[in-house]
Structure formats: C-alpha cells, structure tokens
Amino acid sequence: MGKGNDPMGLKKLANRAKAKGLQRLRWYCQICEKQCRDENGFKCHLTSESHQRNMAIFGENPHKVIEDYSREFESAFMEHLRMAHRTTTIRANRFYNEYIADKEHVHMNATKWQTLTEFVKYLGRTGKCVVEDHPTEGWLITYIERDDSMIKREDQRAKRKKAEEDASQREAKRVMLQAVAAAATAPGGAQQREVRAAVDLEGAARAKVGLAFRGGGGSGGGAVDRPGRPPA
84 MGKGNDPMGL
94 KKLANRAKAK
104 GLQRLRWYCQ
114 ICEKQCRDEN
124 GFKCHLTSES
134 HQRNMAIFGE
144 NPHKVIEDYS
154 REFESAFMEH
164 LRMAHRTTTI
174 RANRFYNEYI
184 ADKEHVHMNA
194 TKWQTLTEFV
204 KYLGRTGKCV
214 VEDHPTEGWL
224 ITYIERDDSM
234 IKREDQRAKR
244 KKAEEDASQR
254 EAKRVMLQAV
264 AAAATAPGGA
274 QQREVRAAVD
284 LEGAARAKVG
294 LAFRGGGGSG
304 GGAVDRPGRP
314 PA
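First residue of the sequence shown? That's 84 in the working numbering, and the numbers climb one at a time after it.
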C-alpha cells in the first residue's frame with residue numbers, strides 16, 4: 084500500500100491526537116465555538132465571514148451575551164463540583180483543570196470573571212461554596228449542599244427582609260414629613276418666630292442709642308458740648 088493511500092499514516096495519527104487533546108485557550112473563539120491550533124489559524128479565523136457575522140450579533144447586546152456565558156459557566160462548574168467532589172475539599176486550581184478537560188466547556192475568558200481567584204471569591208461571597216485562602220495550597224473550595232426548597236426559602240427570606248427595610252424607610256419619611264408640616268402650620272409657629280426676632284433686633288438697637296447718649300452727656304442736665312465753640 085502506497086504512502087498516499089495509508090489512512091492511518093503517522094501525520095493523520097498526530098493530527099487526531101492533537102484534535103482530541105485540549106488546545107490553548109487563547110486560540111479558542113467562544114463566540115464561534117471554534118478551536119484553532121496555532122496563532123496563524125486564529126488570526127485567519129478572526130477575519131473570516133462567519134466570525135464577523137457572530138461579532139456583529141454580539142455587538143447588538145454584549146452585556147446579555149456575557150451574562151449568558153457566565154451563567155452557563157457557573158452552572159456547569161457547580162454541577163461538576165457537586166458530582167465529583169460533593170463532600171470533599173479540593174484546590175480550586177486543581178478542580179478547574181479537571182473542569183476544562185472537557186473541550187466543550189464554556190471558557191472563563193468569555194465570562195464576567197477575569198481570573199479564577201475572582202470567580203472563587205464570588206462563590207464564597209454568594210454562599211455557594213466554602214472558600215479558604217490557604218497559605219501553601221492556595222484557594223480551597225468545598226461544595227455547599229443546597230436543595231431547591233432551601234434556595235426558595237433563602238430567596239423568600241431575602242425578599243421579605245428587603246420589603247421590611249423599604250417599609251421602615253417609608254414610615255420614617257412619612258413621620259418626618261408630618262413633623263415638618265405640623266411645625267409649619269402651627270398657630271404662630273413660623274410667623275411668631277419672625278416677629279420675635281424683629282422685636283429683639285429693635286430692642287438691641289434702642290439700647291445702643293441710649294448708651295451713646297448717656298455716655299456723652301454732662302452732669303448738668305444732659306447738655307452736650309460742641310467742639311469748636313468757646314464757652315459762654
């Protein structure tokens with residue numbers, strides 16, 4: 084059998100092995116779900132008509148597309164963690180390598196999380212995993228068992244708490260408005276305060292004038308000497 088007719092040649096075997104393995108993430112286009120083998124192939128893909136068409140669709144609502152990818156990534160990540168390490172603690176980096184072994188996974192660079200550390204902190208902040216920053220092992224994650232009924236109860240509790248806070252704020256605002264209205268409409272309230280202030284100012288002015296006359300007068304009946312005129 085000639086070399087050109089060999090269906091299992093070495094080159095074909097090598098290509099199949101490359102196709103089965105995980106390629107570099109930076110040469111993967113999530114919007115087109117296409118993996119390129121090298122940088123040149125990736126550059127050629129970026130200029131292709133199909134990629135340009137998908138990017139035009141992405142540009143119409145990029146926030147929604149990123150949110151959809153983030154939701155898919157988180158759902159698949161948590162499902163794999165629940166199935167593989169339901170009751171054990173594992174290094175986040177090690178588990179991430181297990182997760183991305185599936186070629187069909189949603190890549191993190193298409194989500195709203197820039198790094199694995201940021202995603203792990205998000206899982207701990209939202210109560211979906213117990214996270215620990217170990218000094219030597221790095222980030223450790225532990226799955227938190229949550230059934231549907233528990234999730235619904237937590238959502239209802241959060242909604243009820245928010246409703247109570249909103250009601251409390253509305254009541255405080257209503258009481259404050261009532262107090263302001265009562266002070267403004269009270270008999271002699273604002274007007275009485277203005278009249279009292281005017282009377283006080285007038286009294287202070289009169290007191291100053293009286294002091295000036297008493298200070299300049301002589302002992303003989305209050306006559307005031309004018310400068311420049313000799314005494315009679």
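Backbone N, C-alpha and C fix where the C-beta goes; we use that ideal spot for every residue, glycine too.
On a predicted model such as this, the values are computed, not experimentally measured, just so you know.
{"Query": "For K117: DSSP bridge partner residues", "Result": "C112"}
{"Query": "For R120 and K103, the rounded distance between their alpha carbons", "Result": "Annotation note: pLDDT 49 at K103 (below 50); position unreliable, coordinate value reported separately. Their backbone Cα atoms lie some 12 Å apart in a straight line."}
{"Query": "Nearest candidate by alpha-carbon position, reference T171, set Q113, V214, E254", "Result": "V214"}
{"Query": "Whether A159 touches H190 by CB criterion (8 Å)", "Result": "no"}
{"Query": "Q118 versus D151: straight-line alpha-carbon distance, rounded", "Result": "20 Å"}
{"Query": "Whole-number beta carbon distance between N176 and L199, since they are thought to touch under 8 Å", "Result": "7 Å"}
{"Query": "Three-way DSSP call (helix, strand, coil) for R340 in this model", "Result": "Residue 340 lies beyond the stretch modelled for the chain, which goes from 84 to 315, so this question has no answer here."}
{"Query": "Simplified DSSP state of T225, which is helix, strand or coil", "Result": "strand"}
{"Query": "Contact belief for T194 with I149 at Cβ below 8 Å, rounded distance in angstroms", "Result": "7 Å"}
{"Query": "Distance CB(N144)-CB(I114) smaller than 8 Å", "Result": "no"}
{"Query": "Where the beta strand (DSSP E) through I149 begins and ends", "Result": "Premise fails: I149 lies in the alpha helix (DSSP H), 145 to 167, not in any beta strand (DSSP E)."}
{"Query": "Span of the beta strand (DSSP E), counted from its first residue to its last, around T190", "Result": "The sequence shown places His at residue 190, rather than the Thr named in the question. Note, H190: premise wrong, no beta strand (DSSP E); not H, not E."}
{"Query": "Counted within 10 angstroms of its Cβ, other Cβ atoms place C127 as buried (16 or more) or exposed", "Result": "exposed"}
{"Query": "Spatially closest choice to E122 from I227, S133, W110, V258, by CA coordinates", "Result": "W110"}
{"Query": "Closest residue to D216 among L129, Q135, I173 (Cα-Cα distance)", "Result": "I173"}
{"Query": "Burial state of V203, where buried means 16 or more other Cβ atoms lie within 10 Å", "Result": "buried"}
{"Query": "For D323, the three-state DSSP class (helix, strand or coil)", "Result": "Within the shown structure, residues of the chain are numbered from 84 to 315, placing residue 323 beyond reach of any answer."}
{"Query": "Boundaries (first-last residue) of the beta strand (DSSP E) holding T209", "Result": "Counting along the chain, T209 falls outside any beta strand (DSSP E), and DSSP gives it neither H nor E."}
{"Query": "8 Å contact criterion, which F156 and H168 should meet: CB distance rounded", "Result": "Actually they are not in contact, since the Cβ atoms of F156 and H168 sit about 18 Å apart, beyond 8 Å."}
{"Query": "Rounded C-alpha distance that separates R253 from A246", "Result": "11 Å"}
{"Query": "Burial state of L260 (16 or more Cβ within 10 Å)", "Result": "exposed"}
{"Query": "Three-state secondary structure assigned by DSSP to T170", "Result": "coil"}
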